[in-house]
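Below is one structure; the comments refer to it alone.
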């Protein structure tokens, strides 16, 4: 199984963003963030929280206020209210952190690496499973990662001394859940990695899981345990999905956060399209139809995601 949609998406991104001399720079980024998909909104929320946290730290420093929590090196005051603690008493005081931690990053490299993996994994995931399932796996992968982290630190004596000040933060567990879900659902899906070449997704998943297992003893044990928790949920979700067990209802509490609000139609509400906008929308529409038809040709109608079937149905009704 080849990565046709991902490669096409990457090529379109490259051509529109960097290779066309007459195009504006970063056109590919602009189109992605304007798409208003669940994936783009997850990325936007993570970036927005990172920027706000950075501005809060800067503001406090300018007023000569220490922006970091005493006794916990590297954790900002903003992070104190966002990161999920291992201490159960602290967790009872800040129960929301089991959700907020998966959107919070303290440094640039952390958020860059997580968003890059979320971007790549999210494109492939939504191609086969759709946006609603992406939200479910992101949120519950993160929650399961937090549960693994908290349970491990309160069960194993090796972590007892770290419990009072240890916290977990970042989207890594959620991203790991998405990556493992892809590998479990389409293990032979192949992508090309820079300097490596074509690699099946199942081997990428095995690499990440083994790396996290071996890294627990070395450094950041809480983070690696949370990753494994996310991986566990991603694998379990696909296992239940393939067995026909309905688990999509779990995503219902989070759908409203990402559901596009319907626009009120008035006589003056819609801005007339330019010729370029019309041609671009028509091109994207034709490309979507071609991708769906190719998928039917290769794997049959049942391989389509719910979003694909709805899109195809609407197209047939408009003819």
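Residue numbers (my numbering): 3 to 321.
We put the beta carbon where it would ideally sit given N, CA and C, even for glycine.
This one's a predicted model, so the numbers in the text were calculated from it and none came from an experiment.
{"Check": "Using the three-state DSSP reduction, which class does residue 40 fall into: helix, strand or coil?", "Outcome": "helix"}
{"Check": "Give me the Cα-Cα distance between residue 138 and residue 224, rounded to the nearest whole angstrom.", "Outcome": "23 Å"}
{"Check": "Could you spell out the range, first to last residue, of the beta strand (DSSP E) harbouring residue 139?", "Outcome": "Careful: residue 139 lies outside any beta strand (DSSP E), inside the alpha helix (DSSP H) at 110 to 157."}
{"Check": "Are residue 233 and residue 180 touching if we call contact CB-CB under 7 Å?", "Outcome": "no"}
{"Check": "Going by DSSP in three states, residue 309 sits in which element: helix, strand or coil?", "Outcome": "helix"}
{"Check": "Using the C-alpha atoms, what's the distance from residue 226 back to residue 2?", "Outcome": "Residue 2 is absent from the model: the chain starts at 3 and stops at 321."}
{"Check": "Using a Cβ-based criterion (distance less than 6 Å to any ligand heavy atom), does residue 67 qualify as near the ligand MG?", "Outcome": "Ligands in the displayed structure: none, and consequently the ligand MG is not present."}
{"Check": "What do you reckon, are the CB atoms on residue 136 and residue 40 nearer than 7 Å?", "Outcome": "yes"}
{"Check": "Do the region 163 to 171 and the region 79 to 89 make contact, defined as three or more Cβ pairs closer than 8 Å?", "Outcome": "yes"}
{"Check": "Relative to the C-alpha of residue 314, which residue among 300, 85 and 290 is closest?", "Outcome": "290"}
{"Check": "Mind checking residue 107: buried by the 16 CB within 10 Å criterion, or exposed?", "Outcome": "buried"}
{"Check": "Over the uninterrupted beta strand (DSSP E) stretch that includes residue 202, give me the two end residues.", "Outcome": "199 to 202"}
{"Check": "I believe residue 82 touches residue 131 by the beta-carbon criterion, under 8 Å. Please report the beta-carbon distance rounded to the nearest angstrom.", "Outcome": "With a Cβ gap of about 35 Å, residue 82 and residue 131 do not count as contacting."}
{"Check": "Taking buried to mean at least 16 other C-beta atoms within 10 Å of its own C-beta, is residue 230 buried or exposed?", "Outcome": "buried"}
{"Check": "Can you list the alpha helix (DSSP H) stretches of 4 or more residues lying completely in the region 62 to 109, in chain order?", "Outcome": "79 to 82, 90 to 95 and 99 to 102"}
{"Check": "Give the straight-line distance between the Cα atoms of residue 311 and residue 247, rounded to the nearest whole angstrom.", "Outcome": "20 Å"}
{"Check": "Give the secondary structure of residue 211 by DSSP, where H, G and I count as helix, E and B as strand, and everything else as coil.", "Outcome": "helix"}
{"Check": "Please report the straight-line C-alpha distance between residue 316 and residue 296, rounded to a whole angstrom.", "Outcome": "18 Å"}
{"Check": "First and last residue of the alpha helix (DSSP H) that includes residue 243?", "Outcome": "223 to 244"}
{"Check": "With a 10 Å radius around its C-beta and 16 neighbouring C-beta atoms as the bar for buried, classify residue 116 as buried or exposed.", "Outcome": "buried"}
{"Check": "Give me whichever residues DSSP pairs with residue 169 in a beta bridge.", "Outcome": "87"}
{"Check": "Helix or strand or just coil, what does DSSP make of residue 247?", "Outcome": "coil"}
{"Check": "So the candidates are 44, 218, 112 and 242; which of them puts its Cα closest to the Cα of residue 124?", "Outcome": "44"}
{"Check": "What's the C-alpha gap between residue 305 and residue 288?", "Outcome": "20 Å"}
{"Check": "By the 10 Å Cβ neighbour count, where 16 or more other Cβ atoms means buried, how is residue 84 classified, buried or exposed?", "Outcome": "buried"}
{"Check": "Based on DSSP bridge pairs, tell me the residues matched to residue 193.", "Outcome": "201"}
{"Check": "Could you give the DSSP three-state label for residue 283: helix, strand or coil?", "Outcome": "helix"}
{"Check": "Report yes if the C-beta distance between residue 104 and residue 76 is below 7 Å; otherwise report no.", "Outcome": "no"}
{"Check": "Look at the alpha carbon of residue 113 and the alpha carbon of residue 47, and state the distance between them as a whole number of angstroms.", "Outcome": "11 Å"}
{"Check": "With H, G and I counted as helix, E and B as strand and the rest as coil, what does DSSP make of residue 219?", "Outcome": "coil"}
{"Check": "Could you work out which residue in 299, 193 and 214 is closest to residue 126 when comparing CA atoms only?", "Outcome": "193"}
{"Check": "Is the CB of residue 80 under 7 Å away from at least one CB in chain D?", "Outcome": "Looking for chain D here will not work: only one protein chain is present."}
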